[in-house]
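Chains as they are written, first to last, in numbering that gives the first Met the number 0: chain A, 0 to 339; chain B, 0 to 339; chain C, 0 to 339; chain D, 0 to 339.
Built from N, CA and C at the ideal position, the CB exists for glycine as well.
These notes concern the structure reproduced below.
4 protein chains.
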Amino acid sequence: MNFSSDTSAPAHPNVLAALARVNTGNEASYGGDSVTARLRGQLAELFETEDFDFWMTASGTASNALALSCFCPSIGAVLCHDAAHIAIDERGAPEFFSGGGKLQLLAGTGGKIGADTLAAALAQIDYGFVHQTPAHVLSLTNLTESGTAYSVAEVTDLAAKAHGAGLVVHLDGARFGNALVATGASPAEMSWKAGVDVLTFGLTKTGAMGCEIIMLFGKAREKWGELKARAKRSGHMPPKMRYLAAQAEAMLDGGLWLDLAGRANKAALKLAATLMAQPGVHLVTKPGGNEVFARLPEGLAETLTAAGAKFYPWPDGSHRFVCSWATQDDEISAVATAMG
Amino acid sequence: MNFSSDTSAPAHPNVLAALARVNTGNEASYGGDSVTARLRGQLAELFETEDFDFWMTASGTASNALALSCFCPSIGAVLCHDAAHIAIDERGAPEFFSGGGKLQLLAGTGGKIGADTLAAALAQIDYGFVHQTPAHVLSLTNLTESGTAYSVAEVTDLAAKAHGAGLVVHLDGARFGNALVATGASPAEMSWKAGVDVLTFGLTKTGAMGCEIIMLFGKAREKWGELKARAKRSGHMPPKMRYLAAQAEAMLDGGLWLDLAGRANKAALKLAATLMAQPGVHLVTKPGGNEVFARLPEGLAETLTAAGAKFYPWPDGSHRFVCSWATQDDEISAVATAMG
Amino acid sequence: MNFSSDTSAPAHPNVLAALARVNTGNEASYGGDSVTARLRGQLAELFETEDFDFWMTASGTASNALALSCFCPSIGAVLCHDAAHIAIDERGAPEFFSGGGKLQLLAGTGGKIGADTLAAALAQIDYGFVHQTPAHVLSLTNLTESGTAYSVAEVTDLAAKAHGAGLVVHLDGARFGNALVATGASPAEMSWKAGVDVLTFGLTKTGAMGCEIIMLFGKAREKWGELKARAKRSGHMPPKMRYLAAQAEAMLDGGLWLDLAGRANKAALKLAATLMAQPGVHLVTKPGGNEVFARLPEGLAETLTAAGAKFYPWPDGSHRFVCSWATQDDEISAVATAMG
Amino acid sequence: MNFSSDTSAPAHPNVLAALARVNTGNEASYGGDSVTARLRGQLAELFETEDFDFWMTASGTASNALALSCFCPSIGAVLCHDAAHIAIDERGAPEFFSGGGKLQLLAGTGGKIGADTLAAALAQIDYGFVHQTPAHVLSLTNLTESGTAYSVAEVTDLAAKAHGAGLVVHLDGARFGNALVATGASPAEMSWKAGVDVLTFGLTKTGAMGCEIIMLFGKAREKWGELKARAKRSGHMPPKMRYLAAQAEAMLDGGLWLDLAGRANKAALKLAATLMAQPGVHLVTKPGGNEVFARLPEGLAETLTAAGAKFYPWPDGSHRFVCSWATQDDEISAVATAMG
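Structure, rendered in structure tokens:
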């Protein structure tokens, strides 16, 4: 009954097998290896384009901050939801990597930035007014921090508005697979076709050991050299890159990552149904992926914890339960049993 | 004949096996896992002390920069050799992590800072003179960038001088194992017993996939909380820390890391002897570890390259050959053959 | 009818005379001059203490950012009102000077942080939780950005709460004189006696050419050396400091600064009364100092502008009118005339 | 006998008079005032071009660091002489303003970077090699830190080399007037006509109270908006800009600044002759401006100090004597007398 986070799950065995498979002979360091080269082909096929560059890190915080720092100057700001991971959970990483840039927080229900809220914020931007710190980037998160999924249409609309005001669009896809399964969208539809310029394509929570791919699409590729320099400078150019690439290769091979995301989403739906069967339980939002946010009647959190369940209280008074590829059916049955 | 770098070698199979071994069940994220807890015991035994804290990253650049940034304020400087990795090869990582601190470069033959040079630099420090950027940290590298090894006595002397002037002492031990094998010193003797306050204990070049341990000794432990905050903020707190800890565990288990460092050092000695057998070849410095710096007679570099050997020209006009745990005897014989 | 800002006013003639008076002979550079030495005595008398250190800059943004950067580490945050000058009008200066620290914005009516809001924010601080960016400093503004004045009791209460949670208390006193005149408090009562550790004591808006004094009280004096280093490093240690000190000396001499603040406050009250005499005009807040925020009936802003009045629309839909020491009675009469 | 620095001199009376002259009525803040507008015309005439933008600060350190930070990204470096003020005397300001960029120090006799040294440094730049921190800017100083003057031909040659490698050329002209008088060059000839893209045009040491103009020429004007944003963010946009502009206006009016620089240079020549008349005194370099660097026979420094002379020992073992516009003939005679 471990629903604390999808980061507490192990890696899928295929990932480990891939590490062992590439662990032979010499390879050029710092991304010049043959595994990374092969991965490029896989990504091209997956995203249905050759018009991209990419870099890998082992950390979502790093990938987000590197991506943002290439597009938000130190004298600029990033628009994001006020519950965004980059705002709440990354200890100021965007500010650090950008050299003191700002985050401008936008409110929005269900973890989503509303179109009107965005439009109002964009309307206030005045690059010529020197006192203000104007936004240069819009950062969206899909799956959102509230467990909901933006549709392709929503991302497309927000991105178009941002582009209209001259901003670059970043998508934090730490749970990209979960969002795709939830919406039925393809990777291309949910990224560059929807107007995403730079994507943090997360595989760690989905089932890798630690692998997050920064994807630069189209015009954003101009920053490819700068991205590598910033990666080096921040310690995110580990010499033996083949082991990052091997993880990604294993996850993408045969669509494993989407299978695993699908398993996690299905487990979450089942867990949600199980919780809802208990009187007094209310879902905060309809689960869009692998997370369930539920308001529990008095005493239930304690009962579940006493029975060995792990999950976190959330700032809004609800509790968060996260399922992963490794969540077992009997963990969910055990919740039902514990609730009596 | 791949002597390009010890980072082009694969990981030792035990490291991969350890990853697979810990790849089961849920574990707390961000260093709260059982593997990291076990590793603490191993490190205590290895370094003969309980008076330490540690953090792991996958990158030597990151470990050095994190370590330095805890002790060098943005208004301060780090003393280091003018060929130090932190000065030449890390794209300004120390400056970035410290918020704009400076490196003050000291000359020195054979990759070593001379005692007199250090003393002269220390004598110039005036913390009250606001125009100057005074040094707060001395950073040594062992194995040095020239392939030589500082003795325990040398480190002790330099560290004592630095402490006398109020500085903290950092040791970049990207090739710590090679230096220990070369000098016969124990980990404790070459670190905290010699006056090292913070150590970058590298295992990647020795044979891990990617694992560098930052060790804080004694009074330096005050910075433990700050170190973790800086690690988080810079993306060096990957959620699934167990896989970093497992690498270290496998490397330390049974002294594997020192065996592997010993193999690399032995290969370098053999390669040096092989090269020296050729008329006109001169070693720049007597190899102290797993690196050979040789001046080659005209045409020899081209001959070796044509035969398939990989190695790098060095700024001083020599060529650098690096051996690793995976260097094969027949790679060295092939050099002999190629030289004719 | 120029009510655009108190920064558009000229300097008081005494300030210019003081510049001329010190403009003779050689003086030590960088704060070692005799004028700066004399000023220390004046400040001691004014603030009724010898337990302080100070530095001067020509800019309020610089003084705030320098003050904050000495107490908010790059991994920390500053609590402030969401309309604070440091948040809205300084182009990210606090983030820049602190090396990427964050501002945590607190809502509050009338430009003031409510005691409960502060208490709630303080209760969430967990220095051991590495993902969060915890606050290290509380920054208050008095006169507030809404033109109201915190009472000594309010500052004392907020400061006590902040100290109880381990924070340092900063007061942005760009309009400190206006707040003192409005509340009848003495400089000591509104600063260190109320728990303010570091004060930006502004004289520019009051009538100087450009002079803002950073005052460190009590334990905050530990940062005196760091403050000077940061001032040097950011270009806020102009060589000929005597001319900054001379401005302050002239302003403090005989209480000129409080006289000038009183004139500005009185003008604002008169202007407020004049505006209120017009049907449909409503004050947003009761003026606490030299600023008037008024909601104007449709067409009135245009009428006043057409008549030559200068003032700014405010984000909340009201208009801001600022009086200065140099505001003339006939400027206010002209407003009455223009309104018909 | 105060030869400590030209920054210990007072301002020229015309400067003070100009301050008083503009001290009337309201003026737009932050550079929108009429005095700043007039100054633009003066600068256009002086530099024989309209193809420029400018900003003013009260500090040479600030002007240099702001200028450099617009052209050197945080992942880049600035080439400068190893005795440059930006390297030695600014407490890491360039590193701070650039967000952690590096200075790459070049040796050179007489305070000048040699053409060959520069060419060698430029040849090593490889923007595609991610480990290196490549130079983006060449920063020259004229008058140099050794008191010598680069000729127009020398600046032109160095700038052409830098441009050839894609670098931007900055000139630190803290003593620009002294260099012009020494070489007979016009402002245009020594700046944009020689290939200088961005100039710190210093007037403080020449006789202002505190005024240093950043001049962007030609293509460098693209950075005008960024320069203002960086100025605001670093506290170098004081609200009452008219007082900076008035200083510059007074200094430029009728060529006062060049007259004053000429006086200082003449005094230095006279002082040099006076010192040379003493047996055992040797000049380190032939004075190019208002500074004299002399090696003194044993005991002479003490004798002069005892007689009341002020001057500084220099790191190379010599002593530095600086003359200013305010240096009096009898101060120099007093030196002769003191030497006996």
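Boundaries (first-last residue) of the beta strand (DSSP E) holding residue i
i                : result
Glu290 (chain B) : Glu290 to Arg294
Asp32 (chain C)  : Taken as a continuous stretch (DSSP letters only), Asp32 (chain C) belongs to no beta strand (DSSP E), as it is neither H nor E.
Ala134 (chain D) : Ala134 to Thr140
Per-residue DSSP class, three states only, for residue i
i                : result
Trp54 (chain A)  : strand
Leu112 (chain B) : A small correction: the amino acid at residue 112 (chain B) is Ile; Leu does not occupy that position in the sequence shown. Ile112 (chain B) falls in the coil class under three-state DSSP.
Ser68 (chain B)  : helix
Ala312 (chain B) : Reading off the sequence, residue 312 (chain B) comes out as Pro, not Ala. Strand, per DSSP.
Ile74 (chain D)  : coil
Glu248 (chain A) : helix
Arg319 (chain C) : strand
Val168 (chain D) : strand
His84 (chain C)  : helix
His162 (chain C) : helix
Asn22 (chain D)  : coil
Pro93 (chain B)  : helix
Gly40 (chain B)  : helix
Gly238 (chain C) : A small correction: the amino acid at residue 238 (chain C) is Pro; Gly does not occupy that position in the sequence shown. Coil, per DSSP.
Ala16 (chain D)  : helix
Trp324 (chain B) : coil
Ser62 (chain D)  : helix
Thr304 (chain B) : helix
In DSSP terms, what residue i is bridged to
i                : result
Cys79 (chain B)  : B:Leu104
Leu215 (chain C) : C:Asp52 and C:Val197
Ser150 (chain A) : Per DSSP, none; premise fails for Ser150 (chain A).
Leu282 (chain A) : A:Ala293
Asn1 (chain B)   : B:Lys309
For residue i, the first and last residue of its enclosing alpha helix (DSSP H)
i                : result
Thr199 (chain B) : Per DSSP, Thr199 (chain B) belongs to no alpha helix (DSSP H); it is in the beta strand (DSSP E), Val197 to Gly201.
Thr182 (chain D) : Phe175 to Thr182
Lys204 (chain D) : Per DSSP, Lys204 (chain D) belongs to no alpha helix (DSSP H) and is neither H nor E.
Phe128 (chain B) : Careful: Phe128 (chain B) lies outside any alpha helix (DSSP H) and carries neither H nor E.
Trp191 (chain D) : Unbroken run through Trp191 (chain D): none, as it is neither H nor E.
Met338 (chain B) : Asp328 to Met338
Met275 (chain A) : Leu255 to Met275
Beta-carbon neighbours of residue i, restricted to chain F and to distances below 7 Å
i                : result
Thr132 (chain B) : No chain F is part of this structure, whose protein chains are labelled A, B, C and D.
Check: residue i C-beta below 7 Å from any heavy atom of the ligand ZN
i              : result
Ser7 (chain C) : Among the ligands in the structure shown, none appear at all, so the ligand ZN cannot be discussed.
- Task: Inspect the CB distances between the region 115 to 135 of chain C and the region 83 to 103 of chain A and report whether three or more fall short of 8 Å.
- Result: The answer is yes - the region 83 to 103 of chain A touches the region 115 to 135 of chain C, with three or more Cβ pairs under 8 Å.
- Residues in the region 66 to 83 of chain A with C-beta within 9 Å of chain C's C-beta atoms, listed in sequence order? Among the residues of the region 66 to 83 of chain A, those with a Cβ less than 9 Å away from any Cβ of chain C are Ser73, Ile74, Gly75 and Ala76, in the order of the chain.
- Message: Tell me which residues of the region 220 to 249 of chain C have at least one Cβ-Cβ distance to chain B shorter than 9 Å, keeping chain order.
- Response: Cβ proximity to chain B below 9 Å picks out Gly224, Glu225, Lys227, Ala228, Arg229, Ala230, Lys231, Arg232 and Met236 from the region 220 to 249 of chain C.
- Message: So if I threshold CB-CB distances at 9 Å, which residues from the region 116 to 147 of chain A count as touching chain C?
- Response: So the list reads Gln123, Val129, His130, Gln131 and Thr132, given in the order they occur along the chain.
- Do the region 324 to 332 of chain A and the region 302 to 312 of chain B meet, that is, are 3 or more Cβ pairs less than 8 Å apart? No, they do not touch.
- Query: Okay, do the region 145 to 153 of chain C and the region 106 to 126 of chain C touch, 3+ Cβ pairs below 8 Å being the bar?
  - Reply: At 8 Å Cβ cutoff, the stretches touch.
- Query: What residues in the region 15 to 44 of chain A bring their beta carbon closer than 7 Å to a beta carbon of chain B?
  - Reply: When C-beta distances to chain B are compared with 7 Å, the residues of the region 15 to 44 of chain A below that value are Leu15, Leu18, Ala19, Asn22, Thr23, Gly24, Asn25, Glu26, Ala27 and Ser28, in chain order.
- Query: Taking Cβ-Cβ distances below 7 Å as the criterion, which residues of the region 286 to 314 of chain B are in contact with chain A?
  - Reply: Residues: none.
- Below 7 Å between beta carbons is the criterion; list the residues of the region 190 to 223 of chain D that meet it against any residue of chain C, in chain order. Under the 7 Å Cβ criterion, the region 190 to 223 of chain D contributes Thr203, Met208 and Gly209.
- Inter-stretch contact (C-beta, 8 Å, three-pair minimum) for the region 277 to 291 of chain B and the region 47 to 60 of chain B: The region 277 to 291 of chain B and the region 47 to 60 of chain B do not touch, with fewer than 3 CB-CB distances between them shorter than 8 Å.
- Given a limit of 9 Å on CB to CB distance, which residues of the region 95 to 106 of chain A reach chain C? Answer in chain order: Phe95, Phe96, Ser97, Gly98, Gly99, Gly100, Lys101, Leu102 and Leu104.
- Message: Taking 8 Å as the cut-off, does the region 246 to 255 of chain A touch the region 35 to 50 of chain A (at least 3 CB pairs, one atom from each stretch)?
- Response: Under the 8 Å Cβ criterion, the region 35 to 50 of chain A counts as touching the region 246 to 255 of chain A, having at least three qualifying pairs.
- With a cut-off of 8 Å, do at least 3 Cβ pairs link the region 4 to 18 of chain C to the region 313 to 323 of chain C? Contact between the region 4 to 18 of chain C and the region 313 to 323 of chain C is present: 3 or more CB-CB pairs across the two stretches fall below 8 Å.
- Query: Per the contact definition of three or more C-beta pairs closer than 8 Å, is the region 292 to 304 of chain B in contact with the region 254 to 269 of chain B?
  - Reply: Contact between the region 254 to 269 of chain B and the region 292 to 304 of chain B is absent, because fewer than three Cβ pairs lie under 8 Å.
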